[in-house]
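Trainee:
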Amino acid sequence: MIVRRGKMEEFRSLGLDPFGHRFQRTAYSTDITEHFEEMEGKSVAVTGRIMSVRGHGKVSFMEISDIKGTLQLFFKIDVLGEENFKQIKLLDIGDIIGVNGEVFRTQRGQISVRVERWEILSKSLRPLPEKFHGLTDTEIRYRQRYVDLIMNPEVKDVFIKRSKIISAIRHYLDSHGYMEVETPVLHTLAGGAAARPFITHHNTLDMEMYLRIALELHLKRLIVGGLEKVYEIGRVFRNEGIDIRHNPEFTLMELYEAFSDYEGMIELTEDLLKNVCLAVNGTTTVVCQGETIDFSHFERMTMVEAVKKYSGIDYYAYDTVAEMKKAIAEKGIDLEDNDTSTKGYLLNALFDVTVEKHLIQPTVIMDYPIEISPLAKKMDDPNFTYRFEGFVLGRELCNAFSELNDPIDQRERFERQMDLRKEGDEEANPLDEDYLTAMEYGLAPTGGIGIGIDRLVMLLTDSASIRDVLLFPTMKQRE
RNA sequence: GAGCCAUUAGCUCAGCAGGCAGAGCACCUGACUUUUAAUCAGGGUGUCCGGCGUUCGAAUCGCCGAUGGCUCACCA
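In the numbering used here, the protein residues as written are 264 to 742.
#1: Cα-Cα, which of I591, V499 and G710 is closest to T446?
#2: Tell me, to the nearest whole angstrom, how far the beta carbon of E526 is from that of G713; I am working on the premise that it is less than 8 Å.
#3: Thinking C-beta only, is L610 closer than 8 Å to P625?
#4: Could you tell me the alpha carbon to alpha carbon distance between S728 and M721, rounded to whole angstroms?
#5: Mapping the DSSP letters down to three states, classify R389 as helix, strand or coil.
#6: Let me check understanding here. Comparing Cα to Cα, which of M738, V570, A585 and F299 lies closest to N510?
#7: Considering only the alpha carbon of each residue, which of T648, A458 and G361 lies closest to L286?
#8: Taking S430 as part of the alpha helix (DSSP H), name the residues at either end of that continuous run.
#9: Alpha carbon to alpha carbon, how far is G653 from M528? Give it in angstroms, no decimals.
#10: Considering Cα atoms alone, identify which of V266, T333, A457 and Q740 is closest to R389.
#11: Unbroken beta strand (DSSP E) runs of length 3 or more, entirely within the stretch 475-509: which are they?
#12: Around the Cβ of L531, are there at least 16 other Cβ atoms within 10 angstroms (buried) or fewer (exposed)?
#13: The beta strand (DSSP E) with G715 in it runs from where to where?
#14: Around the C-beta of L468, are 16 or more other C-beta atoms found within 10 angstroms, so that it is buried, or is it exposed?
#15: Rounded to the nearest angstrom, how far is the Cβ of S328 from that of G311, given a contact under 8 Å?
#16: Sorted by chain position, which residues of the same chain lie with C-beta nearer than 6 Å to E491's C-beta, five sequence neighbours on each side aside?
#17: What number of angstroms, rounded off, separates the C-alpha of V410 from the C-alpha of E402?
#18: Check this for me: beta carbons of V366 and F337, under 8 Å apart or not?
#19: Can you tell me where the beta strand (DSSP E) holding K339 begins and where it ends?
#20: Using CA coordinates, which residue listed in R317, G575, G454 and L449 is at the minimum distance from E471?
#21: Would you kindly check if the distance between the Cβ of E495 and the Cβ of A458 is under 8 Å?
#22: To the nearest angstrom, how far is it from the Cα of L734 to the Cα of E666?
#23: Residues in its own chain within less than 8 Å of D725 by CB, not counting five upstream and five downstream?
#24: What residue range does the alpha helix (DSSP H) around P670 cover?
#25: If you draw a straight line from the alpha carbon of Y435 to that of L535, how long is it in whole angstroms?
#26: Reducing DSSP to helix, strand and coil, say where K641 ends up.
#27: Could you spell out where the beta strand (DSSP E) holding M629 opens and where it closes?
#28: Counting C-beta neighbours from all protein chains within 10 Å, is the total for S276 16 or more, i.e. buried, or is it exposed?
#29: May I ask you to list the residues that DSSP assigns as paired with S665?
#30: Taking 8 Å as the cut-off, decide whether the C-beta atoms of G283 and S387 are in contact.
#31: To which residues of the same chain is F745 closer than 6 Å at the C-beta, ignoring the five residues directly before and after it?
#32: Just how far apart, CA to CA, sit E512 and L343?
#33: As a quick exercise: from A431, L694 and E690, pick the residue whose alpha carbon is nearest that of I476.
#34: Considering only residues of the same chain and omitting the five flanking positions on each side of M681, which have a CB-CB separation below 8 Å?
#35: Starting from the C-beta of D577, find all residues in its chain whose C-beta is less than 6 Å away, skip the five residues before and the five after it, and write them out in chain order.
#36: Could you pull the DSSP bridge partners for G551 from this structure?
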């Protein structure tokens, strides 16, 4: 580092700014390497970061990297002159340079640019990791993502793909008449999902505020307002554990459509996912964690059917909780720490323990127990709601329902949630009086869906950890 | 929140029957006019994660702590 600072000063003493200015590039690396026939013999201006240097006395080779790829530069004393050639010794791996020269092929056949003029655009004062092994230390990769991005081109590809996925979602929704909106991140009540919120404080108003845990209740207020087809792609925050699939802040897409229902949401989800997959991968299949996932078809099952299929327990065969529990125990199924106080909770527990992991190909599980669905519309059997979740690779990818639009029923559901809260359930939904007021003005029959964007990106980029699809994952502060 | 594992040079790692801190790449000096993990000759640049302890002596053993990874719990 001391040596690099010295070189920086030497550039200055030569009248060259080691932290230069605008550079007008005429070609990217891949424009040259992939279209050599048209480019051969042409003069180009290229720029990039020096990734390797191979000096040979009176000639020198360097590899530079730009957003699209890498390119070899060829420096020759005959072309540059003795003085100028000597100055390339001031360049280090990591420096950003701009060069002008002619496209040609070396004796070994490598497509290169014969440098006629070069300039330092930014001197790198810190050495990059070793070229062969690169950077593998996960802690540095996540904390100093910029170094990770410089050294590992496949990491860059993941984030380029993430951008394309989100862009494809927007394109699909915009072209289908959905309107993108922005709702508050700071909430006075953290509702719309079951999770513990981050708490903050507004000084001037002198009140507690919460970072949102869902987008749901504000978006549904907009449906009341007549916006009819809205969506938001936004960051939500849940004060929960961090692991391979969870980060405290993550990106959620929620969409609401008046006069639709959960059937409409299933159709939308299938079509959206198929289109996004096609747009970013060119096919409807994707290989993730060794499994080939086909987004062209979604299996459909009710939760009761799925539980019967995988656990052998038929929800309808038992009249009481006790009978059902007895049957579960006889099968030797361990429900772990799940709530088992009602048949609905038992069904959900069975689903978690016995079904979820089997849902590898895209599967829609329909008709959830009312106990775990406080914002979804009741079915004819009042123990169930018009709700579905989409599963892929044994993980939940989306959650949707026919929205509960009866304000009287909603108030009762909120009150039940408040009871749970009093019993110590920190994740129960709080009663949102303003949301009830909105509903009392009339919420059209509505279908709504939420899709976990990070999980979708994980699937489409074959990433094992959510941290691999977040540019800057949440990390503990050092020291 | 619990368990297991890891932390040594800029990077990737070795060294751990307790005995002078090591290799490759990077870097520095020199040679080399077509290399591509260039090559050749020479040079080690360090808070061995931190603290305490055991010991004549600790990178190595013990305890406490920090950070990270994985697994489990909560959750999407």
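Where a beta carbon is used, it is the ideal one built from N, C-alpha and C, also for glycine.
Mentor: According to the data block:
#1: Translated into the one-based positions of the first sequence, residue 446 becomes position 183. The shortest C-alpha separation from T446 is found at V499.
#2: In the first sequence, the residue the question calls residue 526 occupies position 263. In the first sequence, the residue the question calls residue 713 occupies position 450. Wrong, their Cβ atoms sit about 17 Å apart, outside the cutoff.
#3: For the purposes of this step, residue 625 is identified with residue 362 of the first sequence, where counting begins at 1. For the purposes of this step, residue 610 is identified with residue 347 of the first sequence, where counting begins at 1. Going by C-beta atoms, P625 is not nearer than 8 Å to L610.
#4: By one-based count along the first sequence, residue 728 stands at place 465. By one-based count along the first sequence, residue 721 stands at place 458. Distance between the alpha carbons of S728 and M721 is about 7 Å.
#5: Here residue 389 corresponds to residue number 126 of the first sequence, with the count starting at 1. Coil, per DSSP.
#6: Residue 510 sits at position 247 when you count from the first residue of the first sequence. Here the closest residue by C-alpha is M738.
#7: In the first sequence, residue 286 corresponds to position 23, counting from 1. Strictly speaking, residue 286 in this sequence is Phe, with Leu absent from that position. Selected option, being the one with the closest Cα: G361.
#8: Sequence index remark: in the first sequence, residue 430 carries index 167 (1-based). Looking at the DSSP string, the run of the alpha helix (DSSP H) that includes S430 is P416 to S438.
#9: Your numbering for residue 528 matches position 265 in the first sequence. Your numbering for residue 653 matches position 390 in the first sequence. Rounded to whole angstroms, M528 to G653 spans 11 Å at the Cα level.
#10: The residue you call residue 389 lines up with position 126 of the first sequence. When each option's Cα is compared against that of R389, the closest is V266.
#11: 492-500
#12: Here residue 531 refers to the residue found at position 268 when the first sequence is read from its first residue. The residue is buried, with at least 16 neighbouring Cβ atoms inside 10 Å.
#13: The sequence position of residue 715 within the first sequence is 452, counting from 1. Counting along the chain, the beta strand (DSSP E) containing G715 begins and ends at T709 to G715.
#14: Looking up residue 468 in the first sequence gives position 205. Flag for L468 reads exposed.
#15: Residue 328 sits at position 65 when you count from the first residue of the first sequence. Residue 311 sits at position 48 when you count from the first residue of the first sequence. Confirmed, Cβ separation roughly 5 Å.
#16: Counting from 1 along the first sequence, the entry for residue 491 is found at position 228. Around E491: A521.
#17: Indexing the first sequence from 1 puts residue 410 at position 147. Indexing the first sequence from 1 puts residue 402 at position 139. Going by the C-alpha atoms only, they are around 12 Å apart.
#18: Stepping through the first sequence from its first residue, residue 366 is reached at position 103. Stepping through the first sequence from its first residue, residue 337 is reached at position 74. No; because the gap between Cβ atoms is not below 8 Å, this pair is not in contact.
#19: Taking the first residue of the first sequence as position 1, residue 339 is located at position 76. Residues T333 to K339.
#20: As a position in the first sequence, residue 471 is number 208, starting the count at 1. Closest option to E471, Cα to Cα, is L449.
#21: On the first sequence, residue 458 is found 195 positions in, with the first residue counted as 1. On the first sequence, residue 495 is found 232 positions in, with the first residue counted as 1. Not in contact: A458 and E495 (Cβ atoms no closer than 8 Å).
#22: Start at 1 with the first residue of the first sequence, and residue 734 comes out as number 471. Start at 1 with the first residue of the first sequence, and residue 666 comes out as number 403. L734 and E666: Cα-Cα distance of roughly 34 Å.
#23: Position 462 of the first sequence holds residue 725. V549, V550, C551 and Q552, listed in sequence order.
#24: Your numbering for residue 670 matches position 407 in the first sequence. Here the alpha helix (DSSP H) through P670 covers P670 to K685.
#25: Counting from one through the first sequence, the residue named residue 435 turns up at place 172. Counting from one through the first sequence, the residue named residue 535 turns up at place 272. Going by the C-alpha atoms only, they are around 7 Å apart.
#26: Here residue 641 refers to the residue found at position 378 of the first sequence. The answer is strand: DSSP assigns K641 an E or B state.
#27: Locating residue 629 in the first sequence gives position 366, where the first residue counts as 1. Element bounds for M629: T626 to P632.
#28: What you label residue 276 is simply residue 13 of the first sequence in a count that begins at 1. So S276 counts as exposed.
#29: Reading the first sequence from its first residue, position 402 is the one you call residue 665. G710.
#30: In the first sequence, residue 283 corresponds to position 20, counting from 1. In the first sequence, residue 387 corresponds to position 124, counting from 1. Not in contact: G283 and S387 (Cβ atoms no closer than 8 Å).
#31: With the chain covering 264 to 742 only, the question about residue 745 has no answer from this structure.
#32: Counting from 1 along the first sequence, the entry for residue 512 is found at position 249. Counting from 1 along the first sequence, the entry for residue 343 is found at position 80. Distance between the alpha carbons of E512 and L343: 52 Å.
#33: The residue you call residue 476 lines up with position 213 of the first sequence. Ranking A431, L694 and E690 by Cα distance to I476 puts E690 first.
#34: By 1-based counting over the first sequence, the position of residue 681 is 418. So the list reads A691, P693 and L694, once near-sequence residues are dropped.
#35: The residue given as residue 577 occupies position 314 in the first sequence. Same-chain partners within the cutoff: K571.
#36: In the first sequence, residue 551 corresponds to position 288, counting from 1. Note on residue identity: the sequence assigns Cys, not Gly, to residue 551. For C551, which the question treats as bridged, DSSP gives the partners E554.
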